[in-house]
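Chemist:
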Amino acid sequence: MSDEGNETDAETEATETEESSVEATLTEEEIEAELDAAEADLDAAETEADLDEVEAHLDEIDGHVERADLPEPEDEDEESPRDQLEDRLSTLRSDLEEARGPYAEDVVEDVSAAGTTVEETEWTEHGREELADAVDVFVTEVEEILGTGISVTVSPDLEDLTTAVEDTAVRIGEAGLDPDDDAETIAELEAAAADLQAGVEDAEEWDDLETREQLQVQGFYDVLDHRKDYPPEWHALKVWEKRGRADMVLLGLDNFQSNFMEEHCLEALERMGHPDSLDAMKERAQRRDKPAIKIIGKIGEEDGLDAVLDYVDSDPGLAKPALKAVGEIGSEEATQDVANRLAADDASVRSQAARALGLIGDTRAIDPLTDVLEDDEADEVRASAAWALNQIGTERAVEAVRPFADDRAYLVQTEAEKAVESRSETPA
């Protein structure tokens, strides 16, 4: 064969290789079919390796959704095909996570958490006796499940109890359990750990006596049903959150003595974003309370602006949640204060300030955001400025982003491409 023939074959192979490396763009129907296949594989998965393959498939589908040329709905209230595909993909990822495990590491973490509670809580004498019973049962169950003895001393003494729980957790971790081969054993250990946690939470604390009595009188536990979720306060809290009763969540927040329950109350209030919690959160925000600042942002009412605006000039740890909250409130009254933080020393603060300006949507921010996009030394800040300009959405704002379609930073480039594709109907 001639050299010319060899060169032709090589060129053909190179072309085919190059073409095969181009990622395919799928239609909506083809992506739906891929999701159907992934769902079927997830239902049939029996091992962690199977689940890993499903996860890789979902990652691939995610890329297809991102690249797909999907139509936008004519009705603004109608969910777009892209949103529908992303929602289904998110659901499958959640189902995938639920299908994983159980893992021995999770059991060790649960047992260690119970041990920390035993060590750090002030118990009544009766409570220590209850703890000793719960720990003794737990250690015995673990010995039977693992088929080995565990040399620990179990007594009402808190040091003995803490050591017994910690040593048992170590033995579980050292057992080398495989999530596939030892799934049944791990599940049994998981159940034993849950029983231990229930016993610990149910044991009598000094603080619980008065707290529970007060909450009982005020109806906090009235929503408890036959289910035995532990602690009962947590179950009641979840019910009140589901019912949208911010007043009852605040009641729990005011009365609970444990950091555990306080944290869950604040998380519930953040998820709810209920206006009824605004006054209480404004009071907490005066104490530089970051969870309260976040909740005020989630509530999104202009009445909460003054409670968070002063903190945009604080240290980065406080300034960032404050800036985010100001952006979520969306008052143009805050535009200048937020724009001033575009000159902050900390890049993460400048980035959050830019995003807050995008959420506020004040066209007065176009020029300072454009300056940041052009001149800031941090790509994350420039990307946030580009995102903010796209969020503002006027033709002048979007036009400021378009020249950066070939920018060195991928995130800036992505926002610029969105600007190029946009056809804003809003006047500059």
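Quick note on full-length UniProt numbering: the sequence shown kicks off at 1 and runs consecutively. No residue lacks a Cβ here, since even glycine has one placed at the ideal position from N, Cα and C.
#1: Using the beta-carbon count (16 or more within 10 Å), is TRP240 buried or exposed?
#2: Tell me the DSSP secondary structure of GLU262 in three-state form.
#3: For ASN390, count neighbouring C-beta atoms within 10 Å of its own C-beta (all shown protein chains included) and say buried if the count is 16 or more, exposed if not.
#4: Could you tell me the alpha carbon to alpha carbon distance between ALA343 and GLU302, rounded to whole angstroms?
#5: Relative to the alpha-carbon of LYS238, which residue among ALA164, LEU250, ALA268, LEU251 has its alpha-carbon at the smallest distance?
#6: With a cut-off of 8 Å, do at least 3 Cβ pairs link the region 23–37 to the region 56–66?
#7: With a CB to CB cut of under 6 Å and the five nearest residues on each side skipped, what residues in its chain are close to ARG128?
#8: Nearest by alpha-carbon distance to TYR311: which of ARG243, GLU377, ARG287 is it?
#9: If you pair each beta-carbon of the region 132–148 with each one of the region 67–78, do three or more pairs fall below 8 Å?
#10: List in chain order: all unbroken alpha helix (DSSP H) runs of 4+ residues lying wholly within the region 136–176.
#11: How many Å lie between GLU377 and GLU205 at the Cα?
#12: Taking only the alpha-carbon atoms, compute the straight-line gap between THR168 and GLU105 and give it to the nearest angstrom.
#13: In angstroms with no decimal places, state the Cα-to-Cα distance between LEU359 and ARG67.
#14: What separation, rounded to the nearest whole angstrom, lies between the Cα atoms of THR335 and ILE329?
#15: Apart from the five residues just before and just after SER21, which ones in its own chain have a Cβ nearer than 6 Å to its Cβ?
#16: Can you give me the Cβ contacts of ASP110 inside the same chain, cut-off strictly under 7 Å, excluding the 5 residues immediately before and after it?
#17: In this structure, does DSSP put GLU333 in helix, strand or coil?
#18: Let me check one thing: in DSSP terms, what residues is GLU205 bridge-paired to?
#19: Excluding sequence positions up to five away, which residues of its chain have a Cβ less than 8 Å from the Cβ of VAL154?
#20: Cβ of ALA405 within 8 Å of Cβ of ALA416?
#21: Let me know the alpha helix (DSSP H) ranges lying completely inside the region 341–420, each 4 residues or longer, listed in chain order.
#22: Quick one: any contact between the region 115–124 and the region 89–96, if contact means 3 or more CB pairs under 8 Å?
#23: Less than 8 Å between the beta carbons of GLY276 and ALA246, yes or no?
#24: Can CYS265 and LEU278 be called in contact, C-beta distance under 8 Å?
#25: Beta-carbon of PRO321 versus every beta-carbon of chain C: anything under 8 Å?
#26: Considering only the beta carbon of each residue, do SER314 and SER351 sit closer than 8 Å?
#27: Answer yes or no: do ALA347 and VAL381 have a C-beta to C-beta separation smaller than 8 Å?
#28: Which same chain residues end up closer than 8 Å to TYR410 when comparing Cβ atoms and leaving out the 5 residues on each side of it in sequence?
#29: Measure the C-alpha to C-alpha separation of PRO179 and PRO102 and round it to an integer number of angstroms.
#30: Around the Cβ of GLY147, are there at least 16 other Cβ atoms within 10 angstroms (buried) or fewer (exposed)?
#31: What number of angstroms, rounded off, separates the C-alpha of TYR221 from the C-alpha of PHE256?
#32: So VAL65 packs on GLU86, CB below 8 Å; how close in whole Å?
#33: Taking the CB atoms as reference points, tell me whether VAL142 and ILE172 lie closer together than 8 Å.
#34: Which class does TYR103 belong to by DSSP, given the choice of helix, strand or coil?
#35: If you draw a straight line from the alpha carbon of GLU46 to that of ALA37, how long is it in whole angstroms?
Modeler: In brief:
#1: buried
#2: helix
#3: buried
#4: 25 Å
#5: ALA268
#6: yes
#7: PRO156
#8: ARG287
#9: no
#10: 158–174
#11: 55 Å
#12: 13 Å
#13: 26 Å
#14: 11 Å
#15: In this predicted model, SER21 has a pLDDT of only 45, less than 50, meaning its place in the structure is not dependable enough to derive any value.
#16: ALA193, GLN197
#17: helix
#18: TRP123
#19: ALA132, VAL135, ASP136, VAL139, ASP160, LEU161, ALA164
#20: yes
#21: 347–360, 366–375, 379–392, 395–401
#22: no
#23: Here residue 276 turns out to be Asp, not Gly, going by the sequence shown. It is a contact, given that the beta carbons lie within the stated cut-off.
#24: no
#25: Checking the listed chains, one finds no chain C in this structure; it contains a single protein chain.
#26: no
#27: yes
#28: none
#29: 6 Å
#30: exposed
#31: 13 Å
#32: 6 Å
#33: yes
#34: coil
#35: 16 Å
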